[in-house]
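Just so we're aligned, residue 1 is where the sequence shown starts under the UniProt record's numbering, counting upward by one.
Structure record follows, encoded as structure tokens.
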Amino acid sequence: MLSTVIAFSALAVAANALAIPLNPVADRIELASCEYPNGTANALNMYSCSASGDTIEVKWVKITDLDGKDMYPIDPRKPFILELVAYNNGPDYEDNKVDVRLFEYQKSWSTGKCGWAEIPTFGALNGIDGCDFAKNCPLTHGDLDLKIELDLSAYSSIISMLTANSAIQLQISMKDYNPGSKHEEITCVEAQLRIN
Numbered sequence: 001m002l003s004t005v006i007a008f009s010a011l012a013v014a015a016n017a018l019a020i021p022l023n024p025v026a027d028r029i030e031l032a033s034c035e036y037p038n039g040t041a042n043a044l045n046m047y048s049c050s051a052s053g054d055t056i057e058v059k060w061v062k063i064t065d066l067d068g069k070d071m072y073p074i075d076p077r078k079p080f081i082l083e084l085v086a087y088n089n090g091p092d093y094e095d096n097k098v099d100v101r102l103f104e105y106q107k108s109w110s111t112g113k114c115g116w117a118e119i120p121t122f123g124a125l126n127g128i129d130g131c132d133f134a135k136n137c138p139l140t141h142g143d144l145d146l147k148i149e150l151d152l153s154a155y156s157s158i159i160s161m162l163t164a165n166s167a168i169q170l171q172i173s174m175k176d177y178n179p180g181s182k183h184e185e186i187t188c189v190e191a192q193l194r195i196n
């Protein structure tokens with residue numbers, strides 16, 4: 001009985017010590033709030049992250065709804081069209097796989113600075129069959145004008161980790177899976193965008 005009273009007394013002292021009121025101005029805890037980077041408040045920001053040996057150069061990207069109207073910000077719960085203009089300096093690609101890394105623009109708890117933080121997907125966005133998912137094969141040599149209907153609902157568990165009305169970055173790396181290939185990267189794109 002005495003040990004129980006001592007334990008509760010120690011707990012009460014500890015709780016009381018932790019309940020010291022904070023100075024509401026000087027000790028304010030600021031939750032993460034970052035401006036949209038690189039113009040992503042109003043438009044998609046896309047650039048190449050390709051290595052020197054990559055053969056497909058992405059020149060232009062536009063996102064529309066299924067009726068062809070511009071769609072921004074993106075609602076990942078709804079299907080959309082990715083219009084893509086690119087140039088393939090390599091052979092025809094009959095098969096490709098895509099790896100995607102996902103980042104969210106947020107304030108770091110440790111530094112207080114805004115930056116891109118990777119969201120772990122534990123491999124769920126690796127090895128996506130580009131031909132089946134985007135229905136864009138073959139990727140022929142020369143100019144590529146593609147309209148790809150994308151439905152991300154299969155990735156809803158990953159998308160649900162994202163904060164609504166935030167900026168995200170997708171690093172999309174496409175690899176050659178033609179017979180006899182070494183599965184080398186053929187293009188890489190960074191797409192920064194705002195999601196609803």
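Built from N, CA and C at the ideal position, the CB exists for glycine as well.
From residue i to residue j, what does the alpha carbon distance come to, in whole angstroms?
| i | j | result |
| --- | --- | --- |
| Asn126 | Ala117 | 18 Å |
| Pro76 | Ser181 | 33 Å |
| Tyr155 | Pro91 | 31 Å |
| Ile168 | Gly142 | 31 Å |
| Thr111 | Asp145 | 43 Å |
| His183 | Thr55 | 13 Å |
| Ile74 | Leu193 | 7 Å |
| Lys175 | Asp132 | 14 Å |
| Glu35 | Pro179 | 46 Å |
| Asp27 | Gln106 | Since pLDDT at Asp27 reaches only 41, below the 50 mark, its modelled position is unreliable, and the value read off the structure follows with that caveat. Using only the alpha carbons, I get a separation of about 21 Å. |
| Gly50 | Ile186 | In the sequence as displayed, the identity of residue 50 is Ser instead of Gly. For Ser50 and Ile186, the distance between alpha carbons rounds to 8 Å. |
| Ser173 | Ser33 | 29 Å |
Looking at C-alpha atoms only, which residue of the options is the closest neighbour of residue i?
| i | options | result |
| --- | --- | --- |
| Lys135 | Asp151, Gly123 and Ala86 | Asp151 |
| Asn88 | Leu193, Cys188, Gln192 and Ile81 | Cys188 |
| Ile148 | Asn178, Leu84 and Asn42 | Leu84 |
| residue 206 | Lys78, Glu57 and Lys59 | Any answer about residue 206 is impossible in this case: the structure gives the chain only from 1 up to 196. |
For residue i versus residue j, is the C-beta spacing smaller than 8 Å?
| i | j | result |
| --- | --- | --- |
| Leu102 | Ile158 | yes |
| Met170 | Ile195 | Looking at the sequence shown, residue 170 is not Met but Leu. Against a cut-off of 8 Å, the Cβ pair of Ile195 and Leu170 comes out as no contact. |
Would a check of beta-carbon distances place residue i closer than 8 Å to chain B?
| i | result |
| --- | --- |
| Val58 | Included in the structure is just one protein chain, with no chain B present. |
Check your understanding: Quick one: complete beta strand (DSSP E) runs, 3+ long, within the segment 110-166?
Key -> 114-119 and 142-150
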